[in-house]
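Residue numbers (the working numbering), protein chains in the order written: chain C, 4 to 213; chain F, 4 to 213; chain D, 4 to 213; chain E, 4 to 213.
Note sheet for the following structure.
Number of protein chains: 4
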Amino acid sequence: MGRSRTNPAPGAPVTARGRRTRDALVAAGRRLLETRGWPAFTPEQVAQAAGVSYGTFYTYFESKDDLLRTIVRAVAEEMFTASLVGPETADDPYTRIVESNRGYLRAWRNASRVLRLVEQGADSDDTLRQLLLEVRELYVQRGAEGLRRLQEAGLADRELEPRLTAIVLGAMVEQMAHVIYSLREPLDEDAVVNHMSKLWAAAIGLRERP
Amino acid sequence: MGRSRTNPAPGAPVTARGRRTRDALVAAGRRLLETRGWPAFTPEQVAQAAGVSYGTFYTYFESKDDLLRTIVRAVAEEMFTASLVGPETADDPYTRIVESNRGYLRAWRNASRVLRLVEQGADSDDTLRQLLLEVRELYVQRGAEGLRRLQEAGLADRELEPRLTAIVLGAMVEQMAHVIYSLREPLDEDAVVNHMSKLWAAAIGLRERP
Amino acid sequence: MGRSRTNPAPGAPVTARGRRTRDALVAAGRRLLETRGWPAFTPEQVAQAAGVSYGTFYTYFESKDDLLRTIVRAVAEEMFTASLVGPETADDPYTRIVESNRGYLRAWRNASRVLRLVEQGADSDDTLRQLLLEVRELYVQRGAEGLRRLQEAGLADRELEPRLTAIVLGAMVEQMAHVIYSLREPLDEDAVVNHMSKLWAAAIGLRERP
Amino acid sequence: MGRSRTNPAPGAPVTARGRRTRDALVAAGRRLLETRGWPAFTPEQVAQAAGVSYGTFYTYFESKDDLLRTIVRAVAEEMFTASLVGPETADDPYTRIVESNRGYLRAWRNASRVLRLVEQGADSDDTLRQLLLEVRELYVQRGAEGLRRLQEAGLADRELEPRLTAIVLGAMVEQMAHVIYSLREPLDEDAVVNHMSKLWAAAIGLRERP
DNA sequence: GATGAATGAGAATTCATTCAT
DNA sequence: GATGAATGAATTCTCATTCAT
């Protein structure tokens with residue numbers, strides 16, 4: 004019957020204090036989601052964790068889902084940003100792979116928990132799923148592109164289809180982020196990065212620059 | 004989840020009809036979980052999907068969690084069983100890898116969705132997590148063992164630490180199962196199996212038997 | 004974000020006990036609405052007035068608005084029914100007017116409070132408004148038709164436009180129902196019926212059958 | 004509505020700017036009430052419609068009810084004022100009835116929506132109801148008085164009890180205001196005034212001055 | 001065993017009012 | 001005076017579980 008919504012859509016904070024409160028809510032929400040999953044992700048607990056009162060939650064977010072969307076967007080943005088910096092610095096292809104894998108792993112480290120929750124999300128919607136697919140695609144394309152360049156330089160096996168290879172090797176890294184950071188298999192991050200890189204290099208038939 | 008409990012613990016079904024009803028509930032619960040996630044996994048919907056009335060649910064299960072435990076145990080058992088058959092039949096190491104990957108992928112295909120849900124499960128308990136870790140460990144050990152044999156036979160790179168290698172390559176396969184079957188990336192299963200096997204073989208430096 | 008609704012739409016009661024409970028809720032809701040207005044019309048108070056627990060409300064109604072719709076439909080139906088019986092029995096035109104006004108007044112007596120609430124309804128929707136307009140229209144048409152017959156028989160002023168006349172005289176009766184039953188002006192029902200009838204008869208220039 | 008109150012009672016505005024702000028709030032509140040009913044009548048929306056900030060509302064009004072009282076008093080005052088001017092000017096009794104009905108209809112046109120809301124008002128108090136009854140009574144007495152004069156002059160049916168007649172005919176006009184202005188029956192105002200007057204005149208047996 | 005109804009604690013949301021700047 | 005933020009009690013709605021037949 005749609006009781007006419009009289010609540011205004013909560014606007015962006017105008018004052019510095021407002022911004023701080025809003026940020027605190029986003030941070031608290033994300034922390035709860037990452038560390039304690041769905042059950043802890045309630046407006047009440049988020050507000051409490053952010054040190055504000057129950058009602059304040061609704062000063063900044065239309066609903067619980069609104070906060071979720073905000074968090075996911077932030078995570079996605081972080082990953083986009085993370086993907087821009089870095090791995091192109093080194094000169095040696097193998098070092099680049101190591102750097103890339105390290106960056107990859109770390110990028111997923113923060114995102115993985117939230118992304119997984121949303122992926123199967125009780126409460127996710129298609130917009131969010133779309134966002135996740137875009138993030139993933141970004142990484143796949145960067146990986147495929149890197150492989151293609153190596154192939155053209157005669158430094159990697161030319162038989163390998165770049166996109167599929169990037170998907171498969173990306174899957175490896177993503178899942179390892181989950182195994183290490185969420186399941187907490189007692190593995191050393193550096194050891195994993197090195198090992199993955201070794202396997203990755205061998206898998207694509209990496210040759211040292213002649 | 005725990006609410007106070009005064010109900011008698013539901014016993015195992017005695018009659019054939021009872022067994023059928025119980026089986027229908029388990030099947031319906033699993034289907035709902037796999038296809039529609041947590042939100043659809045309610046006693047009411049499970050009962051409806053199984054074609055029985057609401058109250059009947061509690062004739063066979065103490066609680067929603069009880070059904071979940073039952074389902075997860077069934078999934079785990081299937082995976083144990085799946086891991087026993089098959090891939091040791093071929094003689095050629097590469098063919099064995101292909102077979103193993105195909106089996107692996109399929110084993111995860113059915114399980115992956117349920118396992119992921121339970122992993123972060125709002126309502127899961129440690130027993131379930133434990134069960135999942137055991138299943139995973141089983142696959143890791145089988146992988147590590149296979150690699151070790153290849154190394155001893157001089158057919159694979161002896162530098163690789165078997166267990167870590169098995170974890171990493173297993174991660175690759177598990178995540179690909181998710182990508183294909185849950186995220187529905189439009190990839191051909193055979194193509195993926197072949198590609199993964201090629202990468203896997205190259206990664207461990209597989210040599211044909213001399 | 005549309006949390007997918009997992010609640011089934013509450014079905015019609017199957018057992019006699021269920022029907023009794025549902026009826027009790029409808030009756031309690033209507034009584035509260037009529038006697039104490041919107042503020043008392045809460046699921047909690049309705050349930051309590053019906054002697055059932057809070058949650059039972061939602062066994063039979065999807066929402067508060069659902070109950071409201073049900074009540075309004077019942078009121079509308081009553082008025083349709085009330086309009087079918089009665090006033091055509093008498094032979095004498097004036098007596099028929101008296102009977103008609105009495106019926107009219109009584110029909111509105113029960114409905115008026117609910118109808119007015121819904122008309123301006125905080126929570127009403129267009130379907131309900133439509134329903135109210137239909138009820139009103141029914142009475143208008145019956146009134147217009149009655150006048151037309153009197154005119155044709157030469158018993159009433161032929162100059163009067165029947166529909167507008169029916170609207171205006173109907174307005175008089177409807178508002179009097181409100182004045183008497185809601186505002187509780189201390190007026191005697193019979194006196195009012197007689198007076199209205201006298202005015203009505205004079206207004207349309209009613210002549211005794213020659 | 005009462006919540007505990009520690010705020011100082013807002014004083015009357017001192018400056019011209021203050022008066023303008025206050026007037027804007029009253030006007031906005033009334034407009035919202037008339038056009039969109041209770042649900043839109045919130046301090047927040049009133050403030051927004053008046054172009055001031057949320058908090059400013061409480062600079063001028065102790066509470067939402069305080070504004071409501073202010074609005075109702077304004078409406079009542081308007082109606083008192085409207086009742087003073089006009090209809091006594093014409094000489095011919097029928098013309099006076101027409102004028103009176105037109106004034107009546109217009110007086111109610113603006114007031115009707117607010118008055119009806121308050122009548123059943125979720126949050127109204129007895130003071131307001133009292134005010135409404137006084138306004139109505141004013142009109143009833145004026146109507147009764149007018150009829151009495153006509154009766155004494157031999158221009159109207161002496162059998163009619165003046166007060167009851169005034170109540171009934173007043174009800175007719177008031178409800179027609181509602182039908183036309185709120186329900187928006189597509190009726191021409193002049194046509195309705197003329198028709199009502201004709202019926203009214205016939206009803207009281209109006210005779211031309213001999 | 002099977003069924004549909006009943007229960008009530010808990011989660012999400014609203015909004016009149018107060019506070020700090 | 002004006003502003004935007006903060007508050008929290010009250011309300012609606014959910015759903016796992018228990019009960020009566």
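Ideal placement from N, C-alpha and C gives every residue a C-beta, glycine not left out.
| Check | Outcome |
| --- | --- |
| Any 3 or more C-beta pairs closer than 8 Å across the stretch 198–211 of chain C and the stretch 138–145 of chain F | no |
| Interface residues of chain F facing GLY208 of chain C [CB-CB closer than 7 Å] | ALA205 |
| Check: THR38 of chain D C-beta below 7 Å from any heavy atom of the ligand FAD | The ligand FAD is not part of the structure shown, which contains no ligands of any sort. |
| Residue range of the alpha helix (DSSP H) that includes GLN3 of chain D | Outside the shown range of chain D, which is 4 to 213, sits residue 3 of chain D, and nothing can be said about it. |
| Cutoff 8 Å: ALA125 of chain F Cβ touching any chain C Cβ | Reliability of the predicted coordinates at ALA125 of chain F is poor, the pLDDT of 44 falling under 50, and the value obtained from them is presented with this limitation in mind. Yes, because at least one Cβ of chain C sits closer than 8 Å to the Cβ of ALA125 of chain F. |
| Status (buried if at least 16 other CB within 10 Å, exposed otherwise) for ARG187 of chain C | exposed |
| Contact set between MET179 of chain F and chain C, taken where Cβ atoms lie within less than 7 Å | VAL171 and ALA174 |
| Simplified DSSP state of ILE207 of chain C, which is helix, strand or coil | coil |
| Short CB-CB distance (under 8 Å) between ARG119 of chain E and chain D | yes |
| Cβ pair ARG116 of chain D, SER185 of chain D closer than 8 Å | yes |
| Reduced DSSP category for PRO96 of chain E - H, G, I as helix; E, B as strand; rest coil | helix |
| ALA114 of chain E vs GLU155 of chain E beta-carbon contact at 8 Å | no |
| Given ALA194 of chain F as reference, the closest of C:ILE183, C:PHE64 and C:ARG166 once Cα atoms are compared | C:ARG166 |
| Among C:VAL17, C:LEU202 and C:LEU150, the one whose alpha carbon lies nearest that of VAL171 of chain F | C:LEU202 |
| Alpha helix (DSSP H) segment containing GLN154 of chain E, residue limits | 129–155 |
| Nonlocal neighbours in the same chain, by C-beta distance under 8 Å from GLY173 of chain E, ignoring five residues either side | TYR107, ARG139, TYR142, VAL143 and GLY146 |
| Check whether LEU28 of chain D and ALA12 of chain D have beta carbons under 8 Å apart | no |
| 8 Å Cβ cutoff met for GLU177 of chain D and GLN178 of chain E | yes |
| Three-state class that DSSP yields for SER66 of chain D in the structure shown | coil |
| Closest residue to LEU71 of chain E among E:ARG23, E:ARG105, E:ARG99 and E:THR130 (Cα-Cα distance) | E:THR130 |
| SER56 of chain C (DSSP reduced to helix, strand or coil) | coil |
| THR98 of chain D, buried or exposed, once every other Cβ within 10 Å from all chains shown has been counted against 16 | exposed |
| Burial state of ALA15 of chain E, where buried means 16 or more other Cβ atoms lie within 10 Å | exposed |
| Chain E contact residues for LEU70 of chain D, given Cβ-Cβ distances below 8 Å | Within chain E, no residue comes near LEU70 of chain D; the closest Cβ sits about 17 Å away, beyond 8 Å. |
| Pair within 8 Å by beta-carbon distance, TYR63 of chain C and THR24 of chain C | yes |
| Residue interval of the alpha helix (DSSP H) (run including ALA15 of chain D) | Element bounds for ALA15 of chain D: n/a, residue is neither H nor E. |
| THR168 of chain D: contacting residues in chain E (beta-carbon distance under 8 Å) | HIS198 and LEU202 |
| C-beta neighbour in chain F for VAL138 of chain C, strict 8 Å | no |
| Alpha-carbon spacing of MET4 of chain E relative to GLY32 of chain E, whole angstroms | Its pLDDT being 38, under 50, MET4 of chain E is placed unreliably by the model, and nothing is read from it. |
| 8 Å Cβ cut-off: residues of chain F touching GLY1 of chain C | The structure shown does not extend to residue 1 of chain C, since chain C is modelled only from 4 to 213, so the question has no answer here. |
| Given ASP68 of chain E as reference, the closest of E:VAL49, E:PHE83 and E:ALA85 once Cα atoms are compared | E:VAL49 |
| Through-space distance from THR59 of chain F to THR18 of chain F, alpha-carbon basis | 15 Å |
| Short Cβ contact (8 Å threshold) for LEU135 of chain D with VAL121 of chain D | yes |
| Neighbouring residues, chain E, relative to VAL75 of chain D (Cβ below 7 Å) | Ordered by position in chain E, no residue passes the 7 Å Cβ test against VAL75 of chain D, which lies about 15 Å from the chain. |
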